[in-house]
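Q: One structure, as structure tokens, below. Some questions next.
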Amino acid sequence: MAAASEFGAFQLARRTLRAPIPHELRGDLGMAVLVLALFLLQVFTGILLSLYYQPSPETVAESMQFIMRDVSWGWLLRGLHHWVSTGLILVCCAHLARALVGARYRGREWFWYLGACILPLVVALSFTGELLVWDNQAYWTVREFLGDVETIPAVGPELADIVRGGSDVNASTLSRVWTAHALFAPWLVWMLLTANLALIVRDVRRAWGSKP
Amino acid sequence: MIIVLERGAKPEQVEEVIELLRREGVEVKCVRAAGKPVLHVQDGATRRAHKALTHDAVEGLLATSGPRIRREGHRFYPYHALHWFAIWMVVVATLVLLAGQLPPGIGRAIDLQTAPEQVVVPWYGRAATGFLALFPHSASWLAWTLMWVALALFVALPRFDRRRNASRAPLLVAVAALVAVVAWLATGGNA
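If you're matching them up, the sequences are chains A and B in order.
Letter 101 of the first sequence, counting from 1, is numbered 101 in the working numbering, and no numbers are missing.
Count along the second sequence from 1, then add 1000; that gives the number in the working numbering.
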């Protein structure tokens, strides 16, 4: 135990856990930890679902049926993944709304910028997740969405082609949506959430350092 | 207020301290923490608990409220950690309940020839699609431009509003207006 107490990481964790949190920052810290915890739950359920999900138009319906009917608690796992994504968006909105209504961005610009980047990414994660079901509703939602994207001035058609992976919605589109949902966006969200938490911890340390 | 006793304090010494505090009008509850007997003040004026320091078995006092705590804030653990863990558990329990009661379904197989009667946009995209629907197809570029400008202004808000002690009233009015417009668009008010 004595050797462990000499260990730097142990000391750092102990100091961090015992650090007093100024009253003005406790809500920010709590919300950031809540968002991070929900995101980690989302990653956990997502990894378990990805063990059975097959992102190919020929097999996707079969794998979805398998998850819902044959995998133990698969229906609950998918339901949880679905509802946690909704919860994550709502908590991110609440976090941002709190900063907006309380004008907490004044003097803490980066805190606001990070929140404003995290929300659309979380929404994109949820949206791409809804498309991965690849049923009739999801297919036509993609078509309609990409039709809207094409009308974006200057970059719209190129952007739609990149997402589609060609001139029409097909297997490439599903593959790209899957890549964005499972590989690209989660890492971005993770980095931004970590940076958000690091900024709050920095503010806690600053507040702590400025106490008489 | 928490009164920490010496690690090797005997039960009779603990009883003596409890009796000493009782005479001062302070009721305590005895627990053990990190191998030490600890007395947690339940009732009475905490300043009177300082009298316990006169006893040899008392190691020290640990403030859990009062001016110092009000100035510096509570420690992350256990105060904030347990508080937020409880909230997290409630949130997760609600989500598990929703997942159990309202699981997402799987729709019909893809039919390339026939679109569904209504393409259901997720709730978080309804305001944006509602806004796009306000404009004819030929003016979609204008809708997108307006949306991007609004988004850029929203993100860049700290660049415009730097007055730390300024009134929040105009901001609150703007937020209320924004929420009303988004809600109107999202609920299909423009249909």
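Ideal placement from N, C-alpha and C gives every residue a C-beta, glycine not left out.
Given the structure is predicted, the values throughout are model-derived calculations rather than measurements.
#1: List the residues that DSSP assigns as beta-bridge partners of B/Ile1002.
#2: How long is the line joining the alpha carbons of B/Ala1166 and A/Val204, rounded to whole angstroms?
#3: From A/Leu119 to A/Ile89, what distance separates their C-alpha atoms?
#4: Under a three-way DSSP split, which group does B/Ala1033 fall into?
#5: Please confirm if A/Asp148 has its CB atom under 7 Å from at least one CB of chain B.
#6: Using a Cβ-Cβ distance cut-off of 7 Å, determine whether B/Ile1003 contacts chain A.
#7: Would you give the residue range spanned by the alpha helix (DSSP H) that A/Leu34 belongs to?
#8: Quick one: what does DSSP say B/Val1028 is sitting in, helix, strand or coil?
#9: Any residues in the region 97-112 of chain A with a beta carbon nearer than 7 Å to a beta carbon of chain B? Which ones, in chain order?
#10: What do you get for B/Thr1114, buried or exposed, if any count of 16 or more other CB atoms within 10 angstroms of its CB means buried?
#11: Suppose you measure from the CA of B/Ala1045 to the CA of A/Ala94; what does that come to, to the nearest Å?
#12: Would you kindly work out how many angstroms separate the C-alpha atoms of B/Leu1157 and A/Met31, rounded to a whole number?
#13: Tell me, which residues are paired with B/Arg1197 by DSSP?
#14: For a test of the three-state rule: what should DSSP assign to A/Lys211, helix, strand or coil?
#15: Under 7 Å between the Cβ atoms of A/Leu131 and A/Val60?
#16: State the Cα-Cα distance for the pair A/Arg202 and A/Arg108, rounded to the nearest angstrom.
#17: Which chain B residues sit within Cβ distance under 7 Å of A/Thr59?
#18: For B/Val1017 and B/Glu1006, I'd like the C-alpha separation in whole angstroms.
#19: Taking B/Gly1105 as the reference, which of A/Ser56, A/Val189, A/Leu80 has the closest Cα?
#20: Quick check on the burial criterion: 16 or more other C-beta atoms within 10 angstroms. Buried or exposed for A/Asn170?
#21: Chain A partners of B/Ala1109, CB-CB under 8 Å?
#22: Tell me which residues of the region 61-89 of chain A have at least one Cβ-Cβ distance to chain B shorter than 9 Å, keeping chain order.
#23: List, in order along the chain, the chain B residues whose C-beta lies closer than 9 Å to that of A/Phe127?
#24: For chain A, find out if any of its Cβ atoms is closer than 7 Å to the Cβ of B/Val1014; answer yes or no.
#25: Mapping DSSP to helix, strand and coil, what is A/Asp168?
#26: Between the Cα of B/Arg1108 and those of B/Leu1098, B/Gln1101, B/Ala1099, B/Val1119, spot the shortest distance and give me the residue it belongs to.
#27: Sort A/His23, A/Ala116, A/Leu146, A/Thr179 by Cα distance to A/Gly166 and report the nearest one.
#28: If A/Arg106 and A/Gly27 are in contact, beta carbons under 8 Å, what's the gap, nearest whole angstrom?
#29: My assumption, with CB atoms under 8 Å, is that A/Ile21 sits in contact with B/His1080. Please give the rounded CB distance.
#30: Near A/Leu216, which residues of its chain fall below 7 Å by C-beta distance, leaving aside the five closest residues on each side in sequence?
A: In short:
#1: B/His1040, B/Leu1062
#2: Cα-Cα distance, rounded: 24 Å.
#3: 7 Å
#4: strand
#5: yes
#6: It does not: the Cβ of B/Ile1003 has no partner Cβ on chain A nearer than 7 Å.
#7: Following the DSSP letters along the chain, one finds A/Leu34 inside the alpha helix (DSSP H) bounded by residues 23-50.
#8: strand
#9: Leu100, Val101, Ala103, Tyr105, Arg106, Gly107, Glu109, Trp112
#10: exposed
#11: 39 Å
#12: 21 Å
#13: With chain B covering only 1001 through 1191, there is no way to say anything about residue 1197 of chain B.
#14: Confidence in A/Lys211 is poor, its pLDDT being 49 and thus under 50, which makes the residue's placement too unreliable to answer from.
#15: no
#16: For A/Arg202 and A/Arg108, the distance between alpha carbons rounds to 11 Å.
#17: Those do not exist, as A/Thr59 stays about 13 Å from chain B at its closest Cβ, beyond 7 Å.
#18: 12 Å
#19: Nearest C-alpha to B/Gly1105: A/Leu80.
#20: exposed
#21: Ala61, Asp135, Asn136, listed in chain order.
#22: Of all residues in the region 61-89 of chain A, Ala61, Met64, Gln65, Met68, Trp75, Leu76, Leu77, Arg78, Gly79, Leu80, His81, His82, Trp83, Val84, Thr86, Gly87, Ile89 have a Cβ within less than 9 Å of some Cβ in chain B.
#23: Pro1122, Tyr1124, Gly1125
#24: Residue contact check for B/Val1014 against chain A: no CB pair falls below 7 Å.
#25: coil
#26: B/Val1119
#27: Checking every option, the nearest Cα to that of A/Gly166 belongs to A/Leu146.
#28: Not confirmed; about 16 Å, so no contact.
#29: 5 Å
#30: Any question about residue 216 of chain A goes unanswered here, given that chain A covers just 1 to 212.
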